[in-house]
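Inspection log for the structure reproduced underneath, given as structure tokens.
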Amino acid sequence: MINLSADRQSHSPLGRAFILLLLALVLSGCATGGGSSAGDPVEGFNRGVYDFNEGLDTYALEPASKGWTRVTSDGVRTSVDNFFTNLEAPGYVLNDLLQGKAVDAGRETVRFVVNSTVGLLGLFDPASAWLGLDGRAEDFGQTLGVWEVDSGPYLVLPLFGPSNARDVTQYPVAYYTNVLTYVTLDSLTFGALTALNVVNTRARLAGAARFRDDAAVDPYVFSRSAYGQYRRDQINDGEVSVEDDAYSDFFDDMEAEPAP
Numbered sequence: 003m004i005n006l007s008a009d010r011q012s013h014s015p016l017g018r019a020f021i022l023l024l025l026a027l028v029l030s031g032c033a034t035g036g037g038s039s040a041g042d043p044v045e046g047f048n049r050g051v052y053d054f055n056e057g058l059d060t061y062a063l064e065p066a067s068k069g070w071t072r073v074t075s076d077g078v079r080t081s082v083d084n085f086f087t088n089l090e091a092p093g094y095v096l097n098d099l100l101q102g103k104a105v106d107a108g109r110e111t112v113r114f115v116v117n118s119t120v121g122l123l124g125l126f127d128p129a130s131a132w133l134g135l136d137g138r139a140e141d142f143g144q145t146l147g148v149w150e151v152d153s154g155p156y157l158v159l160p161l162f163g164p165s166n167a168r169d170v171t172q173y174p175v176a177y178y179t180n181v182l183t184y185v186t187l188d189s190l191t192f193g194a195l196t197a198l199n200v201v202n203t204r205a206r207l208a209g210a211a212r213f214r215d216d217a218a219v220d221p222y223v224f225s226r227s228a229y230g231q232y233r234r235d236q237i238n239d240g241e242v243s244v245e246d247d248a249y250s251d252f253f254d255d256m257e258a259e260p261a262p
């Protein structure tokens, strides 16, 4: 059903989470006191949200992802990831255009058409395998970064994790440019598919989660550092060095840790 009712928007997982994001922004402007560092003025609040997210992961997402891994093959998980990534393609095209990347927008459009048809609704990726058209995610937070909008304070968002005041804008734009928003029949179907996407993504990132937890550093600071570096890399299309990261000393510590 294409119609987006007020009930659908306000009670979807993304709608509820976005309200929490706005609350986080308000608190970031009002909070004062210790426990903060440069670029992270509300560290105390962020750590509380981080602990909440970690508890949710420990008691819900991680067990669900382990169960999903036991009953599926790597090929199935890759196809599920391809399917949901393909649904996000219109948003990638929009942000490519907003960033002045007309060629990339064209490539992403061809990818979407080919994978949606020959690739069986995006379950497979013939655009990469046959045409050499590898995709690259582009979101509105990256677009604002390209436009040189300041990132603002670091934020940890309920359910979504690391972010900042600039990057929270990506979520409503992603919602309204995702094909899933317009083709699911009801809120229950939307929620079930969203849950599948989350669990499948968690299963595919299990190795990264173990690496973070096993690194000989504060996992919160590691996540903050890694997110900042990751976003700068995305905004600059990979043309950024780790020395530009204010917390790059933690990456130096990690070099001594073997990968899991």
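The numbering of the sequence shown is the working numbering, which starts it at 3 and goes up by one.
Think of the CB as a built atom: it goes at the ideal place given N, C-alpha and C, for glycine as much as any other residue.
Note that the coordinates shown come from a computational prediction; the quantities given were computed from them, not determined experimentally.
How many Å lie between residue i and residue j at the Cα?
{"i": "Ala258", "j": "Val115", "result": "Confidence is the limiting factor: at Ala258 the pLDDT is only 40, short of 50, which leaves the residue's position unreliable and the question unanswerable from this model."}
{"i": "Arg72", "j": "Glu56", "result": "22 Å"}
{"i": "Val219", "j": "Leu99", "result": "39 Å"}
{"i": "Val51", "j": "Gly41", "result": "17 Å"}
{"i": "Leu25", "j": "Pro164", "result": "Any reading at Leu25 must be qualified, since the residue scores a pLDDT of 43, below 50, and its modelled position is unreliable; the value itself is stated next. If you take the alpha carbons of Leu25 and Pro164, they lie about 15 Å apart."}
{"i": "Arg2", "j": "Phe47", "result": "One cannot answer for residue 2 here, as it falls past the ends of the chain, which runs 3 to 262."}
{"i": "Val126", "j": "Leu135", "result": "The identity of residue 126 in the sequence shown is Phe, whereas the question assumes Val. Their Cα atoms are separated by approximately 13 Å."}
{"i": "Glu150", "j": "Gly69", "result": "43 Å"}
{"i": "Phe85", "j": "Gly124", "result": "4 Å"}
{"i": "Trp132", "j": "Asn88", "result": "16 Å"}
{"i": "Asp235", "j": "Glu241", "result": "6 Å"}
{"i": "Gly54", "j": "Pro160", "result": "Here the sequence assigns Phe to residue 54, which means Gly is not the residue at that position. Their Cα atoms are separated by approximately 7 Å."}
{"i": "Gln231", "j": "Val185", "result": "35 Å"}
{"i": "Ala1", "j": "Phe162", "result": "As shown, the chain starts at 3 and ends at 262. That puts residue 1 outside it, with no answer to give."}
{"i": "Arg49", "j": "Leu157", "result": "9 Å"}
{"i": "Gln172", "j": "Thr74", "result": "31 Å"}
{"i": "Asp141", "j": "Asn97", "result": "6 Å"}
{"i": "Tyr178", "j": "Ile237", "result": "22 Å"}
{"i": "Pro65", "j": "Leu146", "result": "36 Å"}
{"i": "Ala139", "j": "Thr183", "result": "18 Å"}
{"i": "Pro221", "j": "Ala228", "result": "10 Å"}
{"i": "Ser153", "j": "Gly143", "result": "9 Å"}
According to DSSP, simplified to helix, strand and coil, what is residue i?
{"i": "Leu157", "result": "strand"}
{"i": "Asn166", "result": "strand"}
{"i": "Ser75", "result": "coil"}
{"i": "Asp42", "result": "strand"}
{"i": "Thr80", "result": "helix"}
{"i": "Arg234", "result": "helix"}
{"i": "Phe126", "result": "coil"}
{"i": "Arg204", "result": "helix"}
{"i": "Val116", "result": "helix"}
{"i": "Thr179", "result": "coil"}
{"i": "Gln144", "result": "helix"}
{"i": "Arg109", "result": "helix"}
{"i": "Glu56", "result": "helix"}
{"i": "Asp220", "result": "coil"}
{"i": "Arg138", "result": "coil"}
{"i": "Val95", "result": "helix"}
{"i": "Leu195", "result": "helix"}
{"i": "Asp239", "result": "coil"}
{"i": "Thr186", "result": "coil"}
{"i": "Lys68", "result": "helix"}
{"i": "Val51", "result": "helix"}
{"i": "Gln172", "result": "helix"}
{"i": "Leu133", "result": "coil"}
{"i": "Gly102", "result": "coil"}
So is residue i buried or exposed if we call it buried at 16+ other beta carbons inside 10 Å?
{"i": "Ala197", "result": "exposed"}
{"i": "Thr191", "result": "exposed"}
{"i": "Thr34", "result": "The predicted model places Thr34 with a pLDDT of 36, which falls under 50 and marks its position as unreliable; any figure quoted below should be read in that light. Per the 10 Å Cβ criterion, exposed."}
{"i": "Tyr94", "result": "buried"}
{"i": "Asp76", "result": "exposed"}
{"i": "Leu187", "result": "exposed"}
{"i": "Asp216", "result": "exposed"}
{"i": "Arg109", "result": "buried"}
{"i": "Arg113", "result": "buried"}
Here's a check: name, in chain order, each residue in its chain whose Cβ is nearer than 8 Å to the Cβ of residue i, leaving out the five neighbours to either side.
{"i": "Pro155", "result": "Ser30, Gly41, Asp42, Pro43, Val44, Asn166 and Ala167"}
{"i": "Val201", "result": "Leu63, Ala66, Ser67 and Trp70"}
Who are the near neighbours of residue i in its chain, counting only those whose CB is closer than 6 Å to its CB and skipping five residues on each side?
{"i": "Ser225", "result": "Pro164"}
{"i": "Ser130", "result": "Asp136"}
{"i": "Val181", "result": "Leu89"}
{"i": "Asn199", "result": "Phe86"}
{"i": "Gln101", "result": "Thr145 and Val148"}
Going by beta carbon distance, what residues of the same chain come within less than 7 Å of residue i, once the five residues before and after it are set aside?
{"i": "Val120", "result": "Pro128"}
{"i": "Ala91", "result": "Glu110, Arg113 and Phe114"}
Exercise for review: Taking 8 Å as the threshold, find out whether the segment 77-87 comes into contact with the segment 202-212 through three or more Cβ pairs.
Suggested key: When Cβ pairs closer than 8 Å are counted between the two stretches, the segment 77-87 is seen to touch the segment 202-212, the count reaching three or more.
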